[in-house]
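Contents: one structure, followed by commentary.
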Amino acid sequence: MGIKTALPKTELYLYTAVLSLALLWAGSWIIEASSENVNRKAFRENVKPGWHYFGRKMDVSDFEWVMWFTTFRNHILFALSGHVIFAKICSMLSPKNRSLIYMLYGSLAVLITMGWTYITLILSHCIILYSVALVKRKWLCFVAGLTSLATFKMEPFNTWQEGFATGSFDLQDVLFYGGCGFSIMRCMSFALENCEKKDGNYSFLDLIKYNFYLPFFFFGPVMTFDRFHEQVSPANNPNLTRKDREMWNITIHALVHLGAILVVDVFFHFLYILTIPNDLKLLKQLSDWSLAGLAYSNLVYDWVKSAVLFGVINTVSRLDHLDPPQPPKCITMLYVFAETHFDRGINDWLCKYVYDYIGENHDAIFKELLATICTFAVTTLWLGPCELVYIWSFFNCFGLNFELWVAKLFSLPPFSTIERNLMSEAMSRRIRGLFNAVNFWQIVLYNVLALNSLDFAQLVTKRLLLKGFPLSTLSVLFVTYCGVQLIKERERKQALLDDPEPVPPTEASKQKAE
1 MGIKTALPKT ELYLYTAVLS LALLWAGSWI IEASSENVNR KAFRENVKPG WHYFGRKMDV
61 SDFEWVMWFT TFRNHILFAL SGHVIFAKIC SMLSPKNRSL IYMLYGSLAV LITMGWTYIT
121 LILSHCIILY SVALVKRKWL CFVAGLTSLA TFKMEPFNTW QEGFATGSFD LQDVLFYGGC
181 GFSIMRCMSF ALENCEKKDG NYSFLDLIKY NFYLPFFFFG PVMTFDRFHE QVSPANNPNL
241 TRKDREMWNI TIHALVHLGA ILVVDVFFHF LYILTIPNDL KLLKQLSDWS LAGLAYSNLV
301 YDWVKSAVLF GVINTVSRLD HLDPPQPPKC ITMLYVFAET HFDRGINDWL CKYVYDYIGE
361 NHDAIFKELL ATICTFAVTT LWLGPCELVY IWSFFNCFGL NFELWVAKLF SLPPFSTIER
421 NLMSEAMSRR IRGLFNAVNF WQIVLYNVLA LNSLDFAQLV TKRLLLKGFP LSTLSVLFVT
481 YCGVQLIKER ERKQALLDDP EPVPPTEASK QKAE
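Numbering (UniProt numbering), first residue to last: 1 to 514.
Given below as structure tokens:
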């Protein structure tokens, strides 16, 4: 079946109507549950007074969102605005030295924020990994890098190193572990790229310039060293000219992110999607549709949060003439594990140095198995080893491999023969959509346990697969199937734009005649 296979328009209109009504229905259940239970004892800690003109309380469960856009909003805006102004002025005076200027400002900001002992700790890890990079052995770079990362993720080493951060403000833990974790990933990227360099080595100054670029330092995303080094090189765009309408596009993206922030804040006054999953007694009273809507909306929110947080940082980096990693693909548009991620920077890093390096073209089952195991082993260490992360990694690793096994199975006779000879392309697309709908809910359930809790994921699974069978199970799958077909239709239209179908000779001659 080709990606350009079309379905009748009336069928697509039906799918759109079913999906829209189902989302509105599930949303109404969540709004009702939020309104009726706002004064529950379990809600007091995470539901606080919000915008007074709404006359409603606000869900403040997500520390990261509150940190960025409420508590430390002014501090973060001040630091990033200072970077933009300082970098712009200095880049105008000396465009060839802009990477050095970025590094000096970033180092100064980190020094003022976290103290000289923290800078010393980061530099010590940089020196160690730079020394290992000079050996030019990839396996040694991995061992040294993952060992350094483990010291920030496992006791007692992380507690001991945390003592190097001076001060006691609320944001300290987040900045400490964010800065250290991303620094190690950047140092590993530098070391691995140095192994690929045929003549000589990159300098230690190149590593420091790369690591202390402020917009990426604490919160990411990770841009691999080869891309960063190429984009800040004086040989690349020495006059810092911009493409046509580039500033217009940057402005539009900034306004879109601002609009998304406001929309999320409004939704938090009506949909307590982050607080409700923490109250198991309330969850047991909700309908199956409410639970399905909660699970789905939690993943959508996490994508929106990632897109907005990285989008703000990316806007700043684009003002610095960089091309940063794009925001993650919307969870609503995903129905395969191979495209599932919430941090495109880390995803690109893992694909480049682990997944694609080991799995190569991802056709061999055993190579793919080894590639996914290694990828999720590194991911587990990155997230911080614990029971919940182990479970999340296992299921996502299984899901990624299961996709390949099923694809391999159905590419063999008699399945391939039946599809090729006995089915129309439209029917083939419909049957594939059924499998994709099941896969979509695997993605939701496997990832919601990491975003909320294992108890919530288990409850949703039991209600949808066991207690709700067959009515709730089949109805939710049908709505999901409708959504998958609309996603496939969007992909079909994009494929036609990217690769238009050739015009038949008779029609081409008619067009010339006209």
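Where is the CB? At the ideal position from N, CA and C, for every residue including glycine.
This one's a predicted model, so the numbers in the text were calculated from it and none came from an experiment.
Scanning Ala292, Ser290, Val38, Ile313 for the CA closest to the CA of Pro325 turns up Ile313. Per DSSP, Asp59 is one residue of the beta strand (DSSP E) stretching across 57-59.
Secondary structure at Val47: strand, using DSSP grouped into helix, strand and coil. Separation of Val18 and Val479 (C-alpha to C-alpha, rounded to the nearest whole angstrom) is 7 Å. Listed in chain order, the alpha helix (DSSP H) runs fully inside the segment 207-285 are 214-217, 225-232, 246-268, 280-285, counting runs of at least 4 residues. By the Cβ test, the segment 215-232 is in contact with the segment 183-197, since at least three Cβ pairs between them sit closer than 8 Å.
Each of Ala33, Phe310, Asn37 was checked against the Cα of Trp68, and the nearest Cα belongs to Phe310. Residue state for Asn39 is assigned as coil, using DSSP reduced to three classes. For His75, the number of other beta carbons within 10 angstroms of its own is below 16, and it is reported as exposed. The residue from Arg245, Val110, Lys138, Arg242 with its alpha-carbon nearest to that of Gly178 is Val110. Assigned with DSSP and collapsed to three states, Leu412 falls in coil, not helix or strand. By the neighbour-count definition (other C-beta atoms within 10 Å, threshold 16), Ser411 is an exposed residue. Burial is judged here by how many other beta carbons sit within 10 angstroms of a residue's own beta carbon; Tyr13 has fewer than 16 and is exposed.
For the options Leu255, Met58, Gln172, Leu381, the alpha carbon positioned closest to that of Met114 is the one of Gln172. When C-alpha distances from Ile30 are compared across Ser290, Phe402, Val304, the shortest belongs to Ser290. Under the three-state reduction of DSSP, Ile101 is assigned to helix.
In the three-state scheme derived from DSSP, where H, G and I count as helix and E and B as strand, Tyr357 is classed as helix. Of the residues assessed, Thr372 falls on the buried side of the cut-off, its CB having 16 or more other CB atoms within 10 angstroms. Going by C-alpha positions, Asn421 is about 14 Å away from Arg429. For Thr380, the closest C-alpha among the options Leu24, Ser107, Thr70, Leu149 is that of Leu149. Non-local C-beta neighbours of His341 in its own chain, meaning closer than 8 Å and more than five positions away in sequence, comprise Pro328, Lys329, Asn347, ordered along the chain.
Annotation: Thr473 to Ile443 spans about 16 Å, alpha carbon to alpha carbon. When the beta-carbon positions are compared, Gly399 and Tyr446 come within less than 7 Å of each other. Our two residues, Leu299 and Asp59, have alpha carbons roughly 16 Å apart in a direct line. Here the segment 133-141 does not lie against the segment 73-92, with fewer than 3 beta-carbon pairs under 8 Å apart. Counting along the chain, no alpha helix (DSSP H) covers Glu339, and no H or E run does either.
Counting along the chain, Thr315 sits inside the alpha helix (DSSP H) bounded by residues 288-319. By a beta-carbon distance limit of 8 Å, Ser183 contacts His125. Their separation comes to about 7 Å.
In the three-state DSSP reduction, Thr5 falls in the coil class, being neither helix nor strand. Residue environment analysis places Met185 among the buried positions, since at least 16 neighbouring C-beta atoms fall within 10 angstroms of its C-beta. The DSSP-derived three-state label of Phe182 is helix. Excluding its 5 nearest sequence neighbours in each direction, Ile112 has no C-beta neighbour in its own chain below 6 Å. Taking every protein chain shown into account, the CB of Glu491 has fewer than 16 other CB atoms within 10 angstroms, so this residue is exposed.
Going by C-alpha positions, Ala364 is about 53 Å away from Glu36. When the Cα atoms are used, Tyr353 and Val406 turn out to be separated by approximately 26 Å.
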